[in-house]
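Participant: Residue numbers (this note's numbering): 195 to 378.
Provided herewith is a single structure, encoded as structure tokens, for subsequent inquiry.
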């Protein structure tokens, strides 16, 4: 049932949001010359998939988790996109394809060994990763792997149609702060 909602809402979001996507894409061309950011992430059953976002960091920034990236690597436009969470919009494509869900644990990088171990232990990889979820609306990011994995597991255990919509609504209305970055 949730997959049907994922598919329907991501398709509607992509169609209705197309003018916004194009505007952000064109602004991104001016800002960095490369408006889309694509990165291999850990998906359901620990299978790799390519996550798509609007670029918010400089092109030459090392491929690390957001909480390990320097705040000086965030572009002018990237700061706005992160604050408004508009950088996440291209992930609707990942949801449409079935790589992700609208609600689920945020997908991590393959080099985040401690988080992978914590999530693996708690069965977090049994579900599709998501754009938002319990950890995101509570402001918990990947800088605390144990807490994040426990929160993800709790969300999975307590997932319901009601919670699915609550997490989406809380995200759209501004709950959570996005991934932390190192101030440098």
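No residue lacks a Cβ here, since even glycine has one placed at the ideal position from N, Cα and C.
Enumerate in chain order the residues of its own chain whose CB-to-CB distance from residue 287 is below 6 Å, with the five nearest sequence positions on each side excluded.
Facilitator: Here residue 287 refers to the residue found at position 93 of the chain shown. Closer than 6 Å at the Cβ level, and outside the excluded window around residue 287, lie 246.
Participant: Who are the Cβ neighbours of residue 250 in its own chain at under 8 Å, not counting the five residues just before and after it?
Facilitator: Taking the chain shown and counting its residues from 1, one reaches residue 250 at position 56. Correct list, in chain order: 231, 268, 269, 271, 272, 273, 275, 276 and 281.
Participant: DSSP three-state call for residue 377: helix, strand or coil?
Facilitator: Stepping through the chain shown from its first residue, residue 377 is reached at position 183. Caution is warranted here: a pLDDT of 44 is assigned to residue 377, below 50, making its placement in the model unreliable, and the coordinate value is therefore given only provisionally. Residue state, collapsed to three classes: coil.
Participant: Using 10 angstroms around the beta-carbon of residue 213, count the other beta-carbons present and answer buried if the total reaches 16, otherwise exposed.
Facilitator: Counting from 1 along the chain shown, the entry for residue 213 is found at position 19. By the neighbour-count rule (16 or more Cβ atoms within 10 Å), residue 213 is not buried but exposed.
Participant: Just to confirm my understanding: we take residue 223, look at its own chain, exclude 5 residues before and 5 after, and list those with CB closer than 7 Å. What are they?
Facilitator: Position 29 of the chain shown holds residue 223. 229, listed in sequence order.
Participant: Name the residue from 349, 327 and 343 whose alpha carbon lies nearest to the alpha carbon of residue 310.
Facilitator: Here the question's residue 310 lines up with position 116 in the chain shown. Taking only the C-alpha atoms, the option nearest residue 310 is 343.
Participant: May I ask which residues mark the beginning and end of the beta strand (DSSP E) holding residue 185?
Facilitator: An answer regarding residue 185 cannot be provided, because it is not within the stretch 195 to 378 covered by the chain.
Participant: Starting from residue 226, trace the alpha helix (DSSP H) both ways and give me its first and last residue.
Facilitator: In the chain shown, counting from the first residue as 1, residue 226 sits at position 32. Here residue 226 belongs to no alpha helix (DSSP H), and DSSP marks it neither H nor E.
Participant: Report buried or exposed for residue 220, applying the criterion of at least 16 other Cβ atoms within 10 angstroms of its Cβ.
Facilitator: Start at 1 with the first residue of the chain shown, and residue 220 comes out as number 26. Exposed, since its Cβ has fewer than 16 Cβ neighbours within 10 Å.
Participant: I need the straight-line Cα distance from residue 235 to residue 243, nearest angstrom please.
Facilitator: The count along the chain shown starts at 1 and reaches residue 235 at position 41. The count along the chain shown starts at 1 and reaches residue 243 at position 49. One C-alpha to the other measures close to 6 Å.
Participant: Only counting the same chain, and skipping five residues up and downstream in sequence, which positions put a Cβ closer than 7 Å to that of residue 284?
Facilitator: Mapped onto the chain shown, residue 284 falls at position 90. Excluding residues within five positions, the ones whose Cβ falls inside 7 Å are 230, 246, 247 and 248.
Participant: Work out the CA separation of residue 367 and residue 322 for me, nearest whole Å.
Facilitator: Residue 322 sits at position 128 when you count from the first residue of the chain shown. Residue 367 sits at position 173 when you count from the first residue of the chain shown. Roughly 23 Å separates the two Cα atoms.
Participant: Going by C-alpha to C-alpha distance, which of 298, 195 and 216 sits closest to residue 327?
Facilitator: Within the chain shown, residue 327 is the residue found at index 133, counting from 1. Checking every option, the nearest Cα to that of residue 327 belongs to 298.
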